[in-house]
Amino acid sequence: MFHARLFQLYINYNNVPITETRETTLRLTNYGRAQLNISELVFDNAEMSLDTSTPIIIDAGRSKNVKLTFSPTASGSFSETIAFRHNAANTQNLVTVTAQKFSPNYLAVVDATAKFGLTNMIPISLENNDDLKAVQFDITLPNGFVMDINA
Numbered sequence: 020m021f022h023a024r025l026f027q028l029y030i031n032y033n034n035v036p037i038t039e040t041r042e043t044t045l046r047l048t049n050y051g052r053a054q055l056n057i058s059e060l061v062f063d064n065a066e067m068s069l070d071t072s073t074p075i076i077i078d079a080g081r082s083k084n085v086k087l088t089f090s091p092t093a094s095g096s097f098s099e100t101i102a103f104r105h106n107a108a109n110t111q112n113l114v115t116v117t118a119q120k121f122s123p124n125y126l127a128v129v130d131a132t133a134k135f136g137l138t139n140m141i142p143i144s145l146e147n148n149d150d151l152k153a154v155q156f157d158i159t160l161p162n163g164f165v166m167d168i169n170a
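For the sequence shown, our numbering begins at 20 and goes up steadily by one.
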């Protein structure tokens, strides 16, 4: 990741529900001939975290893996840059993380038994994070299932 020139990495998580996290392993590599000292990591850690603290010391020709965790808390666009400040020729490298965060709503069929020839009531559970204005849902049947109301 660290070169003699400024290096910038982009991570796009695309659409991420606020009920989930995303993780990425960053490999920090010292391509230089001297020990690399990453002295500071600069970013807003409200929705992102790294599983390490500074200083991060990496010997010449060696690497260290760091886990980046993205934990969205509210809907909307997300863009944050992490600056890795170090003692190499260029004083920092950048990792920009982007995502579109959304609040999911789920409909689930509660376990129920339906009997042929009878009117059956099948309960549906709604798990919502936001107020609803309307409900639309699709039913996906397993492969090989044939819908035949006469059988």
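Where is the CB? At the ideal position from N, CA and C, for every residue including glycine. Owing to the predicted nature of the structure, the values given are computational and were not obtained by experimental measurement.
Taking 3 residues as the shortest admissible run, the stretch 20-89 contains the following complete beta strand (DSSP E) segments, listed from N- to C-terminal end: 27-36, 41-48, 55-61, 67-69, 75-77 and 82-89. Apart from the 5 residues on each side of it in sequence, R81 sits with its Cβ closer than 8 Å to the Cβ of T48 and N49 in its chain, given in chain order. The count of Cβ pairs closer than 8 Å, one atom from the stretch 37-56 and one from the stretch 72-89, reaches three, so the stretches are in contact.
Ranked by how close their Cα comes to the Cα of S58, the residues F103, I37, G95 and N34 have F103 in first place. Secondary structure note for F121: its beta strand (DSSP E) is the uninterrupted segment Q111 to F121. Excluding sequence positions up to five before and after A127, its CB lies within less than 6 Å of the CB of S144, all in the same chain and listed in chain order. Taking one beta carbon from each stretch, the stretch 58-70 and the stretch 98-118 have 3 or more pairs nearer than 8 Å; the two touch.
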